[in-house]
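Residue numbers (my numbering): 1 to 472.
Everything on this sheet refers to the single structure shown next.
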Ligand code: PHE
């Protein structure tokens with residue numbers, strides 16, 4: 001566990017982003033630990049604590065978890081390595097990487113789709129990040145005291161359906177992210193995160209200990225760890241793949257950008273395995289907090305986007321020192337979300353700076369304005385616009401579903417096809433082993449995963465979802 005804690009240290013590379021156009025001038029991570037720390041900072045966020053438990057809950061628990069784990073390691077890690085490899089080779093943003101490596105052909109479209117996905121993800125992610133800020137405030141005001149699960153659900157619904165405050169919090173969160181990128185205070189964030197992220201992990205473990213010792217906890221653990229295959233649909237399998245991509249921040253260019261900062265002599269293969277392990281441990285702990293608590297409360301296992309915002313205040317009430325725990329937890333969750341949104345905003349900003357020679361300031365303002373504009377619609381999806389649906393989904397749900405399950409999945413598929421079949425196996429293995437220094441056998445195995453296993457796996461899931469139904 002100590003090891004994992006160390007890995008959570010967050011070091012942002014974006015201060016180095018000023019040198020984006022000239023590959024020779026690019027800064028780089030200090031070494032392997034730096035890469036792991038920064039990429040884990042992007043990966044670990046609301047996806048682990050907020051999204052994973054409710055998606056797993058809605059799709060059957062244990063069976064979903066097993067499929068998820070297989071996807072993370074057999075598909076997620078190869079995709080992440082493909083992104084690192086081409087990003088480092090080209091030394092460029094997501095779009096520019098494809099333009100440089102394959103000037104002919106339409107591969108740059110993959111990069112462009114990733115940039116659009118980043119903007120869309122931030123638009124709905126900002127809504128939830130805003131909720132975490134409100135929950136910091138509610139925790140400080142001790143608003144949850146004495147509320148049972150029905151009252152907590154009511155509190156969540158009452159707040160998220162208001163038009164003004166959720167929007168204000170969302171705008172504050174996007175502005176905060178923009179400020180970090182704009183003023184280059186990543187160094188400060190780095191230092192703060194180095195202390196805060198390990199504390200978040202300790203808090204999560206403490207909450208898990210309380211959760212598994214609650215009366216009835218075994219029922220929740222059973223739901224999570226005892227697979228009931230009959231509860232897993234094909235749509236559930238697609239959602240496991242989408243969740244794996246979302247949680248690992250792959251399929252849309254963040255890891256391509258990170259790859260461009262990795263030193264040539266850093267071996268890649270073990271790096272990606274460590275990042276994925278770290279991300280998965282936090283997601284698992286997230287689920288271990290939630291499901292035993294649900295069983296204790298006697299509530300249903302599903303629950304939608306409100307799940308952690310309803311169950312966690314309940315568990316804080318059942319903990320000694322719960323008042324302090326609640327404040328610290330929601331505060332640190334906001335910081336974890338911030339380290340992810342920084343990496344999301346950097347994707348369009350780097351693109352605009354590199355390709356349109358825009359100033360960093362202009363690029364940040366333009367990107368965050370678009371995100372806030374779209375974010376308003378996502379935020380209002382829980383109130384004013386709750387009846388406005390497309391394909392039966394609110395705008396928030398549509399953005400969430402489309403990005404994770406379609407754009408990231410499709411992006412990941414095209415990235416492995418590109419690396420496996422067009423980039424060249426020799427070049428790929430050279431990147432993975434840092435010119436033959438790393439584990440060559442492991443690199444060869446991964447190249448097979450990239451060339452055959454990952455594309456066939458993603459392809460089957462995609463075709464299955466289309467044929468058997470449930471994709472939209
Ligand atoms: N992986 C982040 C999380 O789990 C979300 C994210 C997705 C960040 C894609 C960057 C890119 O919270």
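Even glycine gets a Cβ: it sits at the ideal position worked out from N, Cα and C.
Own chain residues within Cβ distance below 6 angstroms of residue i, not counting five before or after
i: residue 61; result: 223 and 224
i: residue 114; result: 94, 252, 253 and 411
i: residue 454; result: 75, 78 and 416
i: residue 112; result: 95
i: residue 479; result: Past the boundaries of the shown model lies residue 479; the chain is included only from 1 to 472, so the question cannot be answered.
i: residue 364; result: 178, 181, 182 and 349
i: residue 5; result: With a pLDDT of 34 at residue 5, under the threshold of 50, the modelled position of that residue is not reliable, and the figure given next carries that caveat. Answer for residue 5: 198 and 201, listed in chain order.
i: residue 289; result: 207, 208 and 211
i: residue 447; result: 425, 428 and 429
i: residue 351; result: 93, 95 and 115
i: residue 375; result: 123, 126 and 170
i: residue 464; result: 234
Cβ-based burial, residue i [other Cβ within 10 Å; buried from 16]
i: residue 42; result: buried
i: residue 141; result: exposed
i: residue 387; result: exposed
i: residue 85; result: buried
i: residue 146; result: exposed
i: residue 452; result: exposed
i: residue 22; result: Unreliable positioning characterises residue 22 in this predicted model, as indicated by a pLDDT of 36, which lies under 50. The coordinate reading is nonetheless provided below. Classification for residue 22: exposed.
i: residue 428; result: buried
i: residue 24; result: Here the model assigns residue 24 a pLDDT of 38, short of 50, so the residue's position is not dependable and the matter cannot be decided.
i: residue 105; result: exposed
i: residue 193; result: buried
i: residue 230; result: exposed
i: residue 13; result: In this prediction, residue 13 scores a pLDDT of 43, lower than 50, which makes its location untrustworthy; the coordinate-derived value is nonetheless stated afterwards. With 16 or more Cβ atoms within 10 Å of its Cβ, residue 13 is classed as buried.
i: residue 297; result: buried
i: residue 216; result: exposed
i: residue 259; result: buried
i: residue 440; result: exposed
i: residue 356; result: exposed
i: residue 460; result: exposed
i: residue 390; result: exposed
Nearest-angstrom Cβ-Cβ length linking residue i and residue j, presumed shorter than 8 angstroms
i: residue 251; j: residue 128; result: No, residue 251 and residue 128 are not in contact; Cβ-Cβ is about 20 angstroms, not under 8 angstroms.
i: residue 155; j: residue 382; result: With 8 angstroms as the limit, residue 155 and residue 382 do not qualify as a contact, their Cβ atoms being about 13 angstroms apart.
i: residue 310; j: residue 149; result: 7 angstroms
i: residue 82; j: residue 458; result: Actually they are not in contact, since the Cβ atoms of residue 82 and residue 458 sit about 12 angstroms apart, beyond 8 angstroms.
i: residue 232; j: residue 98; result: With a Cβ gap of about 35 angstroms, residue 232 and residue 98 do not count as contacting.
i: residue 367; j: residue 345; result: 6 angstroms
i: residue 287; j: residue 56; result: 6 angstroms
i: residue 45; j: residue 359; result: Going by Cβ atoms, the distance from residue 45 to residue 359 rounds to 28 angstroms, so no, they are not a contact pair.
i: residue 203; j: residue 316; result: Contact flag wrong, Cβ pair sits at about 11 angstroms.
i: residue 347; j: residue 67; result: Residue 347 to residue 67, Cβ: 28 angstroms. No contact.
i: residue 152; j: residue 313; result: 5 angstroms
i: residue 343; j: residue 247; result: Not a contact, Cβ separation roughly 13 angstroms.
i: residue 372; j: residue 174; result: 5 angstroms
i: residue 138; j: residue 144; result: 7 angstroms
Residues near residue i in its chain [Cβ-Cβ closer than 8 angstroms; skip 5 each side]
i: residue 304; result: 54 and 58
i: residue 10; result: Bear in mind that the predicted position of residue 10 carries a pLDDT of just 33, short of 50, making it too unreliable to give a figure here.
Chain-order list of residues whose beta-carbon lies under 7 angstroms from that of residue i (same chain, five-residue window excluded)
i: residue 50; result: 128 and 308
i: residue 378; result: 123, 124, 127, 395, 396 and 399
i: residue 431; result: 85, 88, 89 and 268
i: residue 273; result: 77
i: residue 132; result: 330, 333, 334 and 337
i: residue 318; result: 210 and 214
i: residue 100; result: 90 and 92
i: residue 299; result: 149
i: residue 422; result: 102
i: residue 401; result: 393
i: residue 443; result: 269, 429, 432 and 433
is_contact[residue i, chain B] using C-beta, thresh 9 angstroms
i: residue 292; result: Structure shown: chain B not included; a single protein chain is present.
Complete alpha helix (DSSP H) runs within the segment 83-150 (minimum length 4 residues, chain order)
94-101 and 108-140
Ordered list of alpha helix (DSSP H) runs contained in the segment 178-219, each at least 4 residues
186-212
For the segment 396-468, list the alpha helix (DSSP H) runs that are entirely contained and at least 4 residues long, ordered along the chain.
409-417, 425-432, 440-448 and 454-468
Enumerate, from N- to C-terminal direction, the unbroken alpha helix (DSSP H) stretches of 4 or more residues contained entirely within the segment 356-403.
Correct list: 360-380 and 395-401.
Could you tell me which uninterrupted alpha helix (DSSP H) segments, each at least 4 residues in length, are contained entirely in the segment 242-276, listed from first to last along the chain?
254-259
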